[in-house]
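There are 2 protein chains.
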Amino acid sequence: MSGWLDPEDPVLGAVTSLARELADPIRLTALQVLAAEGPHTMSQLADALGVSAPRLGNHLARLRAAGLVAVEHSGRHATYRVAEAGIGEVLAALTRFAHGGAADTRPRPRAGAQGLARTCYDHTAGRLGVAVFAALVDRGALVPPDGRTAELALGPERSPFAELGVDPDAVRAGRRKLATACLDRTQRLPHLGGALGKEVLDAFVERGLVEPRPGTRDLQVTERGLRELPALLPGFRSA
Amino acid sequence: MSGWLDPEDPVLGAVTSLARELADPIRLTALQVLAAEGPHTMSQLADALGVSAPRLGNHLARLRAAGLVAVEHSGRHATYRVAEAGIGEVLAALTRFAHGGAADTRPRPRAGAQGLARTCYDHTAGRLGVAVFAALVDRGALVPPDGRTAELALGPERSPFAELGVDPDAVRAGRRKLATACLDRTQRLPHLGGALGKEVLDAFVERGLVEPRPGTRDLQVTERGLRELPALLPGFRSA
DNA sequence: ACCACCTTTCACGATTGCGTTAATGGTGAC
DNA sequence: GTCACCATTAACGCAATCGTGAAAGGTGGT
C-alpha cells in the first residue's frame, strides 16, 4: 500500500535501471548495433565504435549484469548478442520520439526536404531507408535479427516487396548477401542493405520517386515521391 | 563521416538525454502520472508522490529543460502536463520490456496465477485492467489524455465496449466520472477507472471470467477466464 | 498592508558514475 | 614452452548528479 516511490517496487526499479543502461552513448550504441545488425565479437564492436577494449568491456559488463546482452565464449573470442529481441522495440520507441519529439537543448539541424533520404553505398538510407525497412518488417516480409537469429532473414510475405517494385526471388545476389540490416548512421534505426537494398533503390529511381545527386550521398525526393511514398510506406511522413 | 560516437551527433545526444531523464524514480513516476492521468498541479504531484516540493521542483525543472513537460501558470498554481503525447508510447515500451524482459538484479516476486488481476476500489486493475485499457485504446474506443486533452475521453468506436459486455451510453454515471485513466500501482501503466471501470468488472464477474476474493484486492481469474480473456484482450497473455 | 500559501531557485555535502591506466586470465600459433 | 592476442577485471581521479535545507518571488485573501 506504499506510494509511488517505494524503493522496493520491482517494476519501478526495473524501468529506471533499464533507462540508466540506455543513458550512456557507448551502451546505447552497442545495443543499437547488436539489435540491428546481429551478434558481434568484442573486437568488432570496439573497432566499429572506435573505443578502447577496456572501456567497452566495462560497459558490456554492466549490460550483461542488467540482463540486456548475452555473451558466448568461443576460443579466445567473445560474441555478444542482445539477450531478448524486445529491446529493439524499446530502442525504436526512444529513437523515434527523440527525433520529432523533445526539443533538444542543442540546436538540431532541421531535417527538411534535404536529409530526407540518403544513400549508403548503393542502397537507400536516411529516413526513407528506415521507413522501407520498418514497412517490410511490419508486414512480415523481413524478420529482423534478434538474440536467436543471427542475421536478417526473409519472412513469408512477398507482396510488400512487389509493391516496392522488387522481386527477392529474382535477385541474383552473387557473392553478396541478399539482405542485411544496417544501422543507419543518422537515424539510428536499421535500414535495408545488401543486394535487395540496391534493387529497391534502383526501382525507386526507375519510378521517378527519388533522384540521386551525383557526387553526394544525398537523394532528392521528387514531387512524385512526396506524393506516392507516404502511401507506400506507413512510417514515412515528410514533416 | 565520423563514427558512431560523435559527441556532436544530435540524435545520439537526444536519445541518451531522454534516457537519462527517465532514469530517475521521481522523474519517471511524474511522467507516468502526467501521461496516464493528465495534467496535475505541482502540489497534487508532490502529494501523490509523497516528496517535498523543492525535491520535485528540481526534477520538474529538468524535465522542462528537456522539453518533456510543459507548465502553465495560473494564479499561484502551476499545472504541469506532458509536452507531447508520444511520451506515453515510450513509457509503455520501457515498462512492458522491463516486465517480462531483462532479468532484474533483485529477485522479482514471480507474477504467476495470482497477481494476474487486482481490483482498484471497484474496477479492474493489475495486468487484466491494463490489458482492458490498452485494448480499448488500440481499437479506438478510448482516447488517452495527452498534453492537449485534459482527461480521458470516449472515442468513436462502441463495439469494443460491447464485446466486453458494457454499454457506455447506458451507464448512469451520476456524480461520478464516466471514465478515468488511473495509473496502475503495480503495472505502472494506465487502467480504466470511473463508472465504466466498475461496469467492466461487474460484467466480467457476471460472465464468470473472474471472481473477487472477499476481503482482499485480488481477483481470481477462472478457468473460463484464462480461456476466453486472451481472445478478448490482445495484450493479455497469461505467462 | 499584511499574511498565508504555492512555487522556484540556490548552495552545500554525499553519492554515484565514468574514463584511463595497469595488470590478470585464457586461448591459439609457432 | 613461449609468445602474441583477445577479453576481462581492478584501482584511482575526475566530473556529474541527487537530496537537503534555507531563502526568495509572486499571488490571493483578509
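Line order of the protein sequences matches chains H and P. Mapping the first sequence onto the working numbering, position 102 (from 1) lands on 102, and the numbers just tick up by one. Mapping the second sequence onto the working numbering, position 159 (from 1) lands on 159, and the numbers just tick up by one. Where is the CB? At the ideal position from N, CA and C, for every residue including glycine.
Assign residue i to buried or exposed, taking buried as 16 or more other Cβ atoms, counted over all protein chains shown, within 10 Å of its Cβ.
i       : result
T16(P)  : buried
L192(P) : buried
G225(P) : buried
P145(P) : buried
D184(H) : buried
A170(P) : exposed
A14(H)  : buried
G88(P)  : buried
A102(P) : In this prediction, A102(P) scores a pLDDT of 49, lower than 50, which makes its location untrustworthy; no coordinate-derived value is stated.
Considering Cα atoms alone, identify which of the options is closest to residue i.
i       : options                              : result
A181(H) : R172(H), V33(H), R76(H) and A14(H)   : V33(H)
Q220(P) : L128(P), P10(P), A162(P) and V137(P) : L128(P)
G325(H) : E157(H), G197(H) and V137(H)         : Here chain H covers residues 1 to 239 and nothing more, so residue 325(H) does not appear.
G140(P) : G147(P), V205(P), A153(P) and A92(P) : A153(P)
P10(P)  : H99(H), D122(H) and D169(H)          : H99(H)
P39(P)  : A14(P), D122(P), A78(P) and P156(P)  : A78(P)
V130(P) : Y121(P), L116(P) and V143(P)         : L116(P)
R237(H) : A53(H), D47(H), V132(H) and I87(H)   : V132(H)
R227(H) : R55(H), L209(H) and R64(H)           : L209(H)
D47(H)  : L5(P), R213(P), E157(P) and S52(P)   : L5(P)
R188(P) : P156(P), R213(P) and F97(P)          : F97(P)
L232(H) : A162(H), G215(H) and R213(H)         : A162(H)
When you compare the CB positions of residue i and residue j, do they come within less than 7 Å of one another, or not?
i       : j       : result
L12(P)  : P7(H)   : no
A256(P) : R176(P) : No answer is possible for residue 256(P): it lies beyond the span of chain P, which begins at 1 and ends at 239.
E199(P) : V166(P) : yes
A30(H)  : L45(H)  : yes
P190(P) : A36(P)  : yes
G147(P) : V82(P)  : yes
P160(P) : L136(P) : yes
A179(P) : A93(H)  : no
G50(H)  : G3(P)   : yes
For residue i and residue j, I'd like the C-alpha separation in whole angstroms.
i       : j       : result
A111(H) : V90(H)  : Note on A111(H): pLDDT 48, under 50, position unreliable in the model; the coordinate value appears next. Using only the alpha carbons, I get a separation of about 23 Å.
T105(P) : G57(H)  : Because T105(P) sits at a pLDDT of 41, beneath the cut-off of 50, its placement in the model cannot be relied upon, and the point is left open.
T222(P) : V69(H)  : 37 Å
L18(H)  : R62(P)  : 20 Å
T124(H) : G75(H)  : 37 Å
A134(P) : S43(H)  : 43 Å
Y80(P)  : L22(H)  : 26 Å
L60(P)  : T95(P)  : 21 Å
L201(P) : R207(P) : 10 Å
D122(P) : R20(P)  : 37 Å
V143(P) : T119(P) : 22 Å
A85(H)  : G174(P) : 47 Å
A203(H) : F204(P) : 53 Å
A53(H)  : R27(H)  : 13 Å
D138(P) : R55(H)  : 43 Å
T41(P)  : L229(P) : 37 Å
R64(P)  : R64(H)  : 33 Å
P156(P) : H73(H)  : 55 Å
R172(P) : T149(P) : 23 Å
L164(H) : R158(P) : 36 Å
T186(H) : P214(P) : 56 Å
E151(P) : E151(H) : 45 Å
Report task. Ignoring anything shorter than 4 residues or poking outside the stretch 47 to 110 of chain H, list the alpha helix (DSSP H) runs there in chain order. Result -> 53 to 65 and 87 to 100
Query raised in the report: Can you give, in chain order, each stretch of the alpha helix (DSSP H) that sits fully within the stretch 111 to 191 of chain H and has at least 4 residues?
Result: 126 to 138 and 159 to 164
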